Amino acid sequence: MTALVQSSTATTVITVGLVNAGIISFAASLGIIIGSNIGTTFTTQLIALNLTAFAPVFILAGFLIGIVGGRYRVFGRPVFYFGLVFFSLSMISTIMEPYRFDPQLISLLSFLDNVFLEIAFGFLVTTIFQSSAVTTGLVIVLTQNGLVTPDMAIPILLGANLGTPTTSLLVAWRMNTAAKRAAMAHFLFNFLGVLIFLPILGPFTDLVVDLGGSPGQQVANAHLIFNLSCAGIFLLAIRPFSFLVQRVVPGRDDDIVFLPRFLKKPLPDGAEAAVGMVEKEIVHLLETGGEMLRECNHLLDTPGTSFQRVQQLREYAHYLDDQIADAILEMSGRDLERGDAAYYAVLLRISSHGRVLADEAGDFSDILLQSRERGLEFPPDSILIQKDLLSSCERNVGILRDAFPDMSDKVDAAMRSIDETLRVEITRHYHQHVISLSSGKSTAGSTISRMLFHIQGMAATIREMRKSTRLLRVV
33 MTALVQSSTA TTVITVGLVN AGIISFAASL GIIIGSNIGT TFTTQLIALN LTAFAPVFIL
93 AGFLIGIVGG RYRVFGRPVF YFGLVFFSLS MISTIMEPYR FDPQLISLLS FLDNVFLEIA
153 FGFLVTTIFQ SSAVTTGLVI VLTQNGLVTP DMAIPILLGA NLGTPTTSLL VAWRMNTAAK
213 RAAMAHFLFN FLGVLIFLPI LGPFTDLVVD LGGSPGQQVA NAHLIFNLSC AGIFLLAIRP
273 FSFLVQRVVP GRDDDIVFLP RFLKKPLPDG AEAAVGMVEK EIVHLLETGG EMLRECNHLL
333 DTPGTSFQRV QQLREYAHYL DDQIADAILE MSGRDLERGD AAYYAVLLRI SSHGRVLADE
393 AGDFSDILLQ SRERGLEFPP DSILIQKDLL SSCERNVGIL RDAFPDMSDK VDAAMRSIDE
453 TLRVEITRHY HQHVISLSSG KSTAGSTISR MLFHIQGMAA TIREMRKSTR LLRVV
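In C-alpha cells, the structure reads:
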C-alpha cells in the first residue's frame, strides 16, 4: 500500500484509524506499520534510478485513467499524483544543477557538520512536510547533484524516519488506547531502529559505499538496507516489542475488533453445529450488553474515555446482531423441520433484543455526555440510585448469559425477582424526582427522567430476552 500511495505517513494514519474503529486489532497493526517502512523505500529506489524522466507519462496516464477509466477510474488520481511527485523532484534536480558550486549554498549546508545535527535536520524537514518520501527524495536529488555527500545524507534519512510518526501520534491523541498504541509502535519502531544503527553508522556507511553505484544510488541503498534490517529485527522480536508498547501506553487491553467470536463462514453443514455457533455468538452479544451497562455505571461517577467505548460497543453489538441474523438466514435456507424454523425465529428475536439493549445503553450515555457538556449536576442520591439500577440490570444480563440457551425454573425465578425489584425502584425514583422538581431542589430538569426512561427500557428489554429464552424450551 505504501508503495502505491508513496506515503508511509498515509498508511500509518489509515492504520491508526482502522484500529480506533475496531476494524483491525493493535497486534495486527504492527505488521502493517513494519511493512509501511519497507514500502517507502520503493520511492527512493525509483528516484535513484533516474526514473523521474518518466514522470510526464505517469501524469498523463493518471489523467486519462481518471477520465475514461471506467471501473479503474479510482486508480487515476494516485497514478497522477505519483507522476506529479516525480515531476517535482525532476524540476528540483534541474534547478539545483547550476548551484553545485555556489559558495553561499555550500556554506549554508556546511552547518550540518555532525551526525546529530543531520538527524535533527531530517526530523525537522519531515515533520514540516509530513512526508519522509519528500525528505528522502530531496536528499537523493541533492546527493546526485553533489551538494550533499552520502556521509551527510544517511543520517538525514535516519532523521526522516524519526519524523514520520509525528502525524500518527497527533492523530491518535484523542483516540482509544489501541489506536494510541499503534501510533506509539510506529514511533518506537523508528526510534529504536535509529538507536540500533547510530553506534555502527560509520561501518554501515562504508558498507553502502563499498556496494557501489552512484552517490544517489548509495543513499537509496542505505535507506533500503536500514528499513529491511529494522523490519527483520522487530519481526523476530514482535512479542516483546508489543509488550513494550503496552507498557509505554498503559490502558485496557480488550480492544474491540469487529469480528464475530464464534461464527465462521461458511457455516458447518450440520444443523446442530451451526445452531451451537449462533447460540455462543448470542452469549457473546449478551457479554457485550453487560459490558455496556458496566461502562454506563462507571460513567455516572468517573466520566472519561468510556463515552467513546460505549459508542464503539454499541456499534459492535449492531455488527454482532447483523452477523447472527445472516447466519440464521443462511440456516433457514436449508431443509427445515417445523420445530427448527420456530427455534431459529426465537434466536433471531433474542439477538434483536440484544441490539435494542445496546441502543438503550448508548442513548443513556449520550444523555449523560450532553448533560456533562452543559454543566448539569445530578443530586448524589440520584446517582447512587441509578448506579444500583444499572447494577441490577447488569446482574440480570449476567444470569441470562451464564444460563443461555437454557432457562431453568430456578434461573427464571432469580431473574423475575431482580426484575420486580427494578420495577419498584424505578417507580420510586420517578416519584422522588418529581418531588425534587416541584420543590426546586433539582437542577437537572427532565434529564434524570430521560435517563430513568432508558434504564426502564433496558430492564424491559432484558425481561423480553428472558421470556424469549424460556420459549426455546417449548418450540
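In terms of the working numbering, the sequence shown is residues 33 to 507. Yeah, the Cβ is synthetic: ideal placement off N, Cα and C, and Gly gets one too. Since the structure is predicted, the reported quantities are computational estimates derived from the model, not experimental observations.
What is the DSSP secondary structure of residue i, counted as helix, strand or coil?
i	result
T196	coil
N329	helix
P110	helix
I480	helix
S163	coil
G322	helix
N69	helix
S57	coil
T334	coil
T181	coil
I288	coil
G115	helix
F294	coil
N52	helix
A88	Here the sequence assigns Pro to residue 88, which means Ala is not the residue at that position. Correct three-state label for P88: helix.
D301	coil
R406	coil
R495	helix
G19	Residue 19 falls outside the range modelled here, since the chain spans only 33 to 507, and no answer is possible.
D398	helix
A35	A caution first: A35 carries a pLDDT of 48, below 50, which makes its placement in the model too unreliable to give a value.
V277	helix
D145	coil
L389	helix
V506	coil
L189	helix
V81	Residue identity check: residue 81 is Leu in the sequence provided, not Val. Here L81 sits in coil by DSSP.
So residue i is in the alpha helix (DSSP H); what residue range does that whole segment cover?
i	result
D413	412-435
R213	209-229
F266	247-268
G102	Element bounds for G102: n/a, residue is neither H nor E.
G234	233-242
Assuming the contact rule is C-beta atoms closer than 8 Å, residue i and residue j should be a hit. Round their C-beta distance to whole Å, please.
i	j	result
F339	L331	7 Å
I188	G154	4 Å
N208	N69	Not confirmed; about 24 Å, so no contact.
I288	G54	4 Å
S425	L325	Note that residue 425 is Cys in the sequence shown here, rather than Ser. Going by Cβ atoms, the distance from C425 to L325 rounds to 5 Å, so yes, they are a contact pair.
P437	E311	5 Å
M447	R505	Actually they are not in contact, since the Cβ atoms of M447 and R505 sit about 14 Å apart, beyond 8 Å.
T44	I65	6 Å
I314	L379	7 Å
R181	H255	Contrary to the premise, residue 181 reads as Thr rather than Arg in this sequence. Not quite, the Cβ-Cβ distance comes to about 15 Å (not below 8 Å), so this is no contact.
T72	S164	6 Å
M497	H385	5 Å
R109	G94	7 Å
H465	E392	No, H465 and E392 are not in contact; Cβ-Cβ is about 19 Å, not under 8 Å.
L352	P298	With 8 Å as the limit, L352 and P298 do not qualify as a contact, their Cβ atoms being about 18 Å apart.
I382	R482	I382 to R482, Cβ: 27 Å. No contact.
V251	T175	5 Å
G225	N193	7 Å
Is any heavy atom in the ligand FMN found nearer than 7 Å to the beta carbon of residue i?
i	result
S200	Within the structure as shown, the ligand FMN is missing, as the structure has no ligands at all.
Would residue i count as contacting chain B if we go by Cβ distances under 8 Å?
i	result
R279	Absence of chain B from the displayed structure is noted, only one protein chain being present.
* To do: Scan the segment 435-472 and note each continuous alpha helix (DSSP H) run of 4 residues or more that stays entirely inside, going in chain order.
  => 441-471
* To do: Pick out the complete alpha helix (DSSP H) segments inside the segment 346-372, 4 residues or longer, and give them in chain order.
  => none
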